[in-house]
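Participant:
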Amino acid sequence: MDAHRFDEWLALWHADGFYWVPCNTEDLEPDKSISLIYESRRQLDDRVYRLKGRHAHAQSPRSRLLRVVSNVTIESASKEALIVHSNFVLGEVRSDRQETLFGRCRHVLALDEGAMLIREKKVFLLNNDTPMSNLTFLI
Amino acid sequence: MEQGCTHFEGGSAGSPVRFVRNAQSVDAATLRQLVQPGRVHSAVYTSPDIFEAEIERIFHGSWLYVGHASEVPQKGDYRVRRLGRQPVIMVRGHDDVVRVLMNRCRHRGAAVCEQEAGREKFFRCWFHGWTYDNTGKLINVTDPAGYGDDFRMEEYSLTSAPRVEIYRDFVFASLSPKVGSLAEYLGPAAQMIDLLVDASPTRRIKLSAGVHKTVYNGNWKMVGMDGYHPHYVHASVVSMWQRQADSGIGATHRADPFDGKAKTYTRDLGHGHAMLDMREHRVEHYADYETYLKGVQGGAEYIEALAARDGAEQSKLLVAIAGDPHIGVFPNMQIINNQVRIMVPLEPGRTEVLMFPVLFDGVDDAINTMRLRQHESFYGPAGAGSPDDAEIFERAQRGMNAQVNPWIDISRGMTREQAHPDGTITGHISDEVPQRGQMRYWLELMTEGAELE
Chain A
688 MDAHRFDEWL
698 ALWHADGFYW
708 VPCNTEDLEP
718 DKSISLIYES
728 RRQLDDRVYR
738 LKGRHAHAQS
748 PRSRLLRVVS
758 NVTIESASKE
768 ALIVHSNFVL
778 GEVRSDRQET
788 LFGRCRHVLA
798 LDEGAMLIRE
808 KKVFLLNNDT
818 PMSNLTFLI
Chain B
176 MEQGCTHFEG
186 GSAGSPVRFV
196 RNAQSVDAAT
206 LRQLVQPGRV
216 HSAVYTSPDI
226 FEAEIERIFH
236 GSWLYVGHAS
246 EVPQKGDYRV
256 RRLGRQPVIM
266 VRGHDDVVRV
276 LMNRCRHRGA
286 AVCEQEAGRE
296 KFFRCWFHGW
306 TYDNTGKLIN
316 VTDPAGYGDD
326 FRMEEYSLTS
336 APRVEIYRDF
346 VFASLSPKVG
356 SLAEYLGPAA
366 QMIDLLVDAS
376 PTRRIKLSAG
386 VHKTVYNGNW
396 KMVGMDGYHP
406 HYVHASVVSM
416 WQRQADSGIG
426 ATHRADPFDG
436 KAKTYTRDLG
446 HGHAMLDMRE
456 HRVEHYADYE
466 TYLKGVQGGA
476 EYIEALAARD
486 GAEQSKLLVA
496 IAGDPHIGVF
506 PNMQIINNQV
516 RIMVPLEPGR
526 TEVLMFPVLF
536 DGVDDAINTM
546 RLRQHESFYG
556 PAGAGSPDDA
566 EIFERAQRGM
576 NAQVNPWIDI
586 SRGMTREQAH
596 PDGTITGHIS
606 DEVPQRGQMR
616 YWLELMTEGA
626 ELE
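Just so you know, the sequences run in chain order A and B.
In terms of the working numbering, the first sequence is residues 688 to 826.
In terms of the working numbering, the second sequence is residues 176 to 628.
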């Protein structure tokens, strides 16, 4: 993700995968309230298609990214799925500006024919109720 | 409260002494040199002095959109907002009246409401304990004997914005008591707001789905109605729509409304209000959208409900417009696609844009869910559209610091404008009719303000 390796990132997703970045609060009913991102695997295809193109101006030049992931804990593990929580600090540098994002992730990882794929990913950004400028890189 | 304009008298504060840093230097003669037919000096976007004058003469001197009554549905519900730089509380009192109150204690000026939103019977100032009810009335003063026998609590209510009026649940306020009526101010923009409200089968909309808060390093006036930019700023999205016509808000933007051949127009509605008028085009491509909508649960019933209520022709327009009149209401509001926006000027080169998705009352939940997903696809800090707008606004702000030749050109389509009997002016969808309308009214407010100071 930090290196914008979009196709490799997409390949980590399950065909029924779901990507959710809530807005304003950590938990909400996504059918009743707005999220920052609430996308199926097909919509992720669109996102990546757009970002890979030459006209995603908010990623031209691209953000330089570096994230530190820690506090990894396993909520549950079975033969079919692994539910994992983690925290991250993400630094972004672009256009002479440095931003720092803090967040919590919950991954549901599915075991599918020996491969581990992302079935669900939820990202809670600590500042998701504050004005934000540019979240067009992968978070 | 639903129909027409509801009017409330303002507060008791009296006219304050104006104390504005540097703004007095921005006199009317200077302003007329900076805003000329078809061109505007970059200082209008970059100068701190002009920005201070804008705050005083436009944001503290004319009507502003504050919020929607559906954001405060229950007695005691409130939202904290800013009018220009001034903090206010939009609150529904125990008497069911929605007020706009200055968020400062009448004693020593501390904000009495710290949460952004909530429900309260009382607002207590924790500096010295003065307490107000949710109509703003002062109901408790700590140790009142200290103020002597002449002290009257009823004279110390939270101060109301001097003017508050509500049009179809859209709450507007003015910090200046001198403005005319809201109806006069909105003019033809009111019937465009109707296009949104009437798209709900019950003629009620709800702004209860949260907010996307965005910020960019550019001037507040950059956010405008511009039908010239989509193929460039949003080239990446247009390309997505070509892959998948129903993708996101592409579902309503059928057959490229910005290709120069579509029956789409820019429209100056007066008072700086402007519209990308896509009514004819949307109706022409109604069948595509109808097919799409019928594929959504409750879509067919929604179409039938509007037809039963308003007849075939009007309901077709309302369904095709999809609650999107695509208007800007000067200076701080827009209704575009599935959202109502508030623009908040922070600095000459910094602006917040708050985006509130609109839900329809009286429809299947699936329709509102669709509206949310469409909104997210393009808008907000992680959407496919807004961040590219913000990026280009920032480039424009940086570029405008080059002031050897300081003029920005807004002359496109000046020779082909058409004036209409209703007072509106139209041009091609790519013409800068909205920019000229915005700057014409900007100059009017700014020069009037200069003459008052």
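For each residue, glycine too, the CB sits at the ideal point set by N, CA and C.
Using 8 Å as the limit for Cβ to Cβ distance, is S414 (chain B) near chain A?
Facilitator: Indexing the second sequence from 1 puts residue 414 (chain B) at position 239. Output row for S414 (chain B): interface = yes.
Participant: Put G425 (chain B) into one of helix, strand or coil per three-state DSSP.
Facilitator: For this step, residue 425 (chain B) is matched to residue 250 along the second sequence. If DSSP states are grouped into helix, strand and coil, G425 (chain B) belongs with the helices.
Participant: With a CB to CB cut of under 6 Å and the five nearest residues on each side skipped, what residues in its chain are close to P506 (chain B)?
Facilitator: For the purposes of this step, residue 506 (chain B) is identified with residue 331 of the second sequence, where counting begins at 1. For P506 (chain B), where only same-chain residues beyond five positions count, the Cβ hits under 6 Å are I233.
Participant: To the nearest angstrom, how far is the alpha carbon of S222 (chain B) from that of T526 (chain B)?
Facilitator: Working through the second sequence from its first residue, we reach residue 222 (chain B) at position 47. Working through the second sequence from its first residue, we reach residue 526 (chain B) at position 351. Those two C-alpha atoms are separated by around 14 Å.
Participant: Going by the beta-carbon positions, is the gap between I510 (chain B) and P520 (chain B) smaller than 8 Å?
Facilitator: Looking up residue 510 (chain B) in the second sequence gives position 335. Looking up residue 520 (chain B) in the second sequence gives position 345. Going by C-beta atoms, I510 (chain B) is not nearer than 8 Å to P520 (chain B).
Participant: Give, in chain order, every unbroken run of the beta strand (DSSP E) that is at least 3 residues long and sits entirely within the stretch 712-797 of chain A.
Facilitator: Whole beta strand (DSSP E) segments, 3+ residues: 722-727, 751-764, 768-781.
Participant: So, is V780 (chain A) buried or exposed, given that buried needs 16 or more other C-beta atoms within 10 angstroms?
Facilitator: Taking the first residue of the first sequence as 1, we reach residue 780 (chain A) at position 93. Exposed, since its Cβ has fewer than 16 Cβ neighbours within 10 Å.
Participant: Could one say the Cβ of I724 (chain A) lies closer than 8 Å to chain B's Cβ atoms, at least one of them?
Facilitator: Taking the first residue of the first sequence as position 1, residue 724 (chain A) is located at position 37. True, the Cβ-Cβ gap to chain B drops below 8 Å.
Participant: Beta-carbon of M688 (chain A) versus every beta-carbon of chain B: anything under 8 Å?
Facilitator: The count along the first sequence starts at 1 and reaches residue 688 (chain A) at position 1. So no, M688 (chain A) is outside the interface.
Participant: Could you check the C-alpha separation between Y360 (chain B) and H446 (chain B) for me, to the nearest Å?
Facilitator: Against the second sequence, residue 360 (chain B) aligns to sequence position 185. Against the second sequence, residue 446 (chain B) aligns to sequence position 271. Cα to Cα, Y360 (chain B) sits roughly 7 Å from H446 (chain B).
Participant: Going straight from the alpha carbon of R611 (chain B) to that of A797 (chain A), what length do you get?
Facilitator: Mapped onto the second sequence, residue 611 (chain B) falls at position 436. Mapped onto the first sequence, residue 797 (chain A) falls at position 110. About 56 Å.
Participant: If you drop the 5 nearest sequence neighbours on each side, which residues of the same chain put their C-beta closer than 8 Å to that of T599 (chain B)?
Facilitator: Taking the second sequence and counting its residues from 1, the one referred to as residue 599 (chain B) is at position 424. Excluding residues within five positions, the ones whose Cβ falls inside 8 Å are P363, R442, D443, L444, G445.
Participant: Using CA atoms only, rank isn't needed, just tell me which of B:V538, B:A348, B:A449, B:T466 is closest to G399 (chain B).
Facilitator: Numbered from 1 along the second sequence, position 224 holds the residue referred to as residue 399 (chain B). The candidate whose alpha carbon is nearest that of G399 (chain B) is B:A449.
Participant: In its own chain, which residues sit with a C-beta less than 6 Å from the C-beta of A743 (chain A), not counting the 5 before and 5 after it?
Facilitator: Your numbering for residue 743 (chain A) matches position 56 in the first sequence. Answer for A743 (chain A): R737, listed in chain order.
Participant: Which of the three DSSP states is assigned to T317 (chain B) in this structure?
Facilitator: Against the second sequence, residue 317 (chain B) aligns to sequence position 142. Three-state DSSP puts T317 (chain B) in coil, outside helix and strand.
Participant: Is it a yes or a no for the stretch 390-397 of chain B touching the stretch 719-732 of chain A, going by three-plus beta-carbon pairs under 8 Å?
Facilitator: With the cut-off at 8 Å, the stretch 390-397 of chain B and the stretch 719-732 of chain A do not touch.
Participant: Between E488 (chain B) and S383 (chain B), which are expected to be in contact by the criterion C-beta below 8 Å, what is the C-beta distance as a whole number of angstroms?
Facilitator: Within the second sequence, the letter at position 313 stands for residue 488 (chain B). Within the second sequence, the letter at position 208 stands for residue 383 (chain B). Wrong, their Cβ atoms sit about 31 Å apart, outside the cutoff.
Participant: Helix, strand or coil for H243 (chain B), going by three-state DSSP, please let me know.
Facilitator: If you number the second sequence from 1, residue 243 (chain B) lands on position 68. Correct three-state label for H243 (chain B): strand.
Participant: Which residue from B:S200, B:Y253, B:I424, B:T377 puts its Cα closest to that of N309 (chain B)?
Facilitator: In the second sequence, the residue the question calls residue 309 (chain B) occupies position 134. Of B:S200, B:Y253, B:I424, B:T377, the residue nearest in Cα terms is B:Y253.
Participant: Would K719 (chain A) pass as an interface residue toward chain B - the criterion being a Cβ-Cβ separation below 8 Å?
Facilitator: Taking the first residue of the first sequence as 1, we reach residue 719 (chain A) at position 32. Output row for K719 (chain A): interface = yes.
Participant: Do L699 (chain A) and L804 (chain A) come within 8 Å of each other at the CB atom, strictly closer than that value?
Facilitator: Along the first sequence, read from residue 1 onward, the residue named residue 804 (chain A) stands at position 117. Along the first sequence, read from residue 1 onward, the residue named residue 699 (chain A) stands at position 12. Yes, they are a contact pair.
Participant: Mind checking if G740 (chain A) is an interface residue toward chain B, Cβ cutoff 8 Å exclusive?
Facilitator: Here residue 740 (chain A) refers to the residue found at position 53 of the first sequence. Yes, because at least one Cβ of chain B sits closer than 8 Å to the Cβ of G740 (chain A).
Participant: Measure from the C-beta of E527 (chain B) to each C-beta in chain A and report whether the shortest distance is under 8 Å.
Facilitator: The residue labelled residue 527 (chain B) in the question sits at position 352 within the second sequence. For E527 (chain B), the answer is yes, since a Cβ of chain A falls inside 8 Å of its Cβ.
Participant: What residue does the beta strand (DSSP E) around E807 (chain A) start on, and which one ends it?
Facilitator: If you number the first sequence from 1, residue 807 (chain A) lands on position 120. From DSSP, the beta strand (DSSP E) with E807 (chain A) extends over 802-812.
Participant: Using 8 Å as the threshold, is the stretch 252-269 of chain B in touch with the stretch 290-297 of chain B, meaning 3 or more CB pairs across them?
Facilitator: Judged by Cβ distances under 8 Å, the stretch 252-269 of chain B makes contact with the stretch 290-297 of chain B, as three or more pairs qualify.
Participant: Output, in chain order, the set of chain A residues within a Cβ distance shorter than 8 Å of R548 (chain B).
Facilitator: Locating residue 548 (chain B) in the second sequence gives position 373, counting from the first residue. Residues of chain A passing the Cβ test: Y725.
Participant: Between G425 (chain B) and the rest of its own chain, which residues show a CB-CB distance below 6 Å, the 5 nearest in sequence each way excluded?
Facilitator: Against the second sequence, residue 425 (chain B) aligns to sequence position 250. Correct list, in chain order: W416.
Participant: Give me, in chain order, the residues of the same chain whose beta-carbon lies closer than 8 Å to that of R591 (chain B); leave out the 5 immediate sequence neighbours on both sides.
Facilitator: Position 416 of the second sequence, counted from the first residue, corresponds to residue 591 (chain B). The answer, listed in chain order, is G602, H603, D606.
Participant: Against chain B, which members of the stretch 809-823 of chain A pass a CB distance test of less than 8 Å?
Facilitator: Of all residues in the stretch 809-823 of chain A, D816, T817, P818, M819, S820, N821, L822, T823 have a Cβ within less than 8 Å of some Cβ in chain B.
Participant: Can you say whether K766 (chain A) is buried or exposed, counting buried as having 16 or more other CB atoms within 10 angstroms of its CB?
Facilitator: Along the first sequence, read from residue 1 onward, the residue named residue 766 (chain A) stands at position 79. Per the 10 Å Cβ criterion, exposed.
Participant: From Q746 (chain A) to M328 (chain B), what does the alpha carbon distance come to, in whole angstroms?
Facilitator: If you number the first sequence from 1, residue 746 (chain A) lands on position 59. If you number the second sequence from 1, residue 328 (chain B) lands on position 153. Approximately 57 Å, taken between the alpha carbons.
Participant: What residue range is occupied by the uninterrupted beta strand (DSSP E) comprising Q578 (chain B)?
Facilitator: Translated into the one-based positions of the second sequence, residue 578 (chain B) becomes position 403. Neither: Q578 (chain B) is in no beta strand (DSSP E) and is coded neither H nor E.
Participant: Buried or exposed: A358 (chain B), going by 16 or more other Cβ atoms within 10 Å of its Cβ?
Facilitator: The residue labelled residue 358 (chain B) in the question sits at position 183 within the second sequence. That one is exposed.
Participant: With L370 (chain B) and V533 (chain B) assumed to form a contact (beta carbons below 8 Å), what rounded beta-carbon distance in angstroms separates them?
Facilitator: The sequence position of residue 370 (chain B) within the second sequence is 195, counting from 1. The sequence position of residue 533 (chain B) within the second sequence is 358, counting from 1. 12 Å between Cβ atoms; not a contact.
Participant: On the premise that V201 (chain B) lies in contact with I583 (chain B), defined as a C-beta separation below 8 Å, what is that separation, rounded to the nearest angstrom?
Facilitator: Mapped onto the second sequence, residue 583 (chain B) falls at position 408. Mapped onto the second sequence, residue 201 (chain B) falls at position 26. Contact flag wrong, Cβ pair sits at about 18 Å.
Participant: Closer than 8 Å, CB to CB, is E246 (chain B) near chain A or not?
Facilitator: For this step, residue 246 (chain B) is matched to residue 71 along the second sequence. By this cut-off, E246 (chain B) is not an interface position.
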